[in-house]
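Peer 1: Going by my numbering, the first residue of the sequence shown is number 0, and it counts up by one from there.
This is the structure, below, for whatever I ask next.
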Amino acid sequence: MRTVSRRSRDPKLERLSQVQLFSGCSKRELARIAALSDEIEVPAGRVLMRQGDPGHECFVIEEGTAKATIRGRKSVRMGPGESFGEMALLHRAPRSATVTAETDMRLLVLNAREFSTLMEDLPSVARKILAAVAERLRDAERPRPQH
């Protein structure tokens, strides 16, 4: 008897399913997110967003690494499967960090209009995004071990 693999044939859907922000989404929800997002490539050194600027899009890292810097001091490294920029879209507030590509990167981008469409058309996805953002904020509040 031959087994048939049920793996997704769409690499974009496969990558989206591994993103914390969308990890609880169904295949149908992921397909909608994929349809609304664009794929871009950026070179190392490119500033992707600057603290204090208005937010017009959010990003999902497919390949490469980026560094988020808050108030020029505290920095966090991000890699594949991680996302950033959604807080400014949820709250319509200025960016809370500057994010710079450390390596050449491939990113999925949802602009503000597509992000709003996603939140309004798929309330189940909106709840998952809000839960993921809340979890990230809780993680950020936890004390870090001193070295």
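Note that CB positions come from ideal geometry on N, CA and C, so glycine has one too.
1) My output table needs one value for Leu121: the three-state DSSP class, helix, strand or coil.
2) Specify the secondary structure class of Thr64 as computed by DSSP and reduced to three states.
3) Take the Cβ of Ile69 as the centre, count every other Cβ of all protein chains shown within 10 Å, and call the residue buried at 16 or more, exposed below.
4) Report yes if the C-beta distance between Pro79 and Ile60 is below 7 Å; otherwise report no.
5) Using CA atoms only, rank isn't needed, just tell me which of Val108, Glu28, Pro93 and Ala34 is closest to Glu81.
6) Who are the near neighbours of Arg14 in its chain, counting only those whose CB is closer than 6 Å to its CB and skipping five residues on each side?
Peer 2: So, from the listed chains and residues:
1) coil
2) If DSSP states are grouped into helix, strand and coil, Thr64 belongs with coil.
3) exposed
4) yes
5) It is Val108 whose Cα lies nearest to the Cα of Glu81.
6) Glu61
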